[in-house]
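Each remark here refers to the structure printed beneath this line.
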Amino acid sequence: MEIVMTIVAGILIATAVYLMLSRSILRIVIGTGLLSHGAHLMILTMGGLKRGAAPLLGQEASSYTDPLPQALILTAIVISFGVTSFFLVLAYRAYQELKTDDMDKLRGNENHE
C-alpha cells in the first residue's frame, strides 16, 4: 500500500509543479493546493501505514498507531488552508485592479503575448 500512496503523491506533486509553472495565477493557486496535498500524503506514507490500537496512555497494547504523522498533517492542513485562502484573495484583488491574471502582464512584461 505504501507504493501506491507514494506513486499518488508523486503524481500530485508533478501535477502541482506543472500547474505552478504556468502563466495563469489561478493555476498557480491550484498548484500550491495540490502540492500541499502531495506533501500530506508523503508525510502519512513516511509515518507508516500501520494498523493498531489507539495511542492511549495507561493501556498496555502490543501495537499502537503513531499519532505524530497525523498531528503534523492536521497542522499542515490548517496552514495550507490559510495560505490558499490568502492566495485566492490576492489573485482576486490583482484581477480587480489590473483586469488580467497573466503573470507576464502582472510583472510588467508587455512585449510577451
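What the sequence shown shows, in this note's numbering, is residues 58 to 170, in sequence order. Every residue gets a Cβ at the ideal spot worked out from N, C-alpha and C, and that includes glycine. Keep in mind the model is a prediction, meaning the values are calculated, not measured.
Point to revise | Helix, strand or coil at D161 according to DSSP, with G and I counted as helix | key: helix
**Study point:** Host alpha helix (DSSP H) of L69 (start-end)
**Key:** 59-77
**Study point:** Presumed contact (8 Å Cβ cut-off) between P126 and L155, rounded CB distance
**Key:** Going by Cβ atoms, the distance from P126 to L155 rounds to 42 Å, so no, they are not a contact pair.
Check your understanding: By a C-beta neighbour count over all protein chains shown, 10 Å radius and 16 as the cutoff for buried, is A73 buried or exposed?
Key -> buried
Exercise for review: Within 10 angstroms of the Cβ of V86, are there 16 or more other Cβ atoms? Answer buried if so, exposed if not.
Suggested key: buried
**Study point:** Per-residue DSSP class, three states only, for S119
**Key:** coil
Review point. Do you know whose CA, among I60, A128, F144, lies nearest T89's CA?
Key: F144
Check your understanding: Can you list, in chain order, the residues of its chain whose CB lies under 6 Å from that of S137, leaving out five sequence neighbours each side?
Key -> S93
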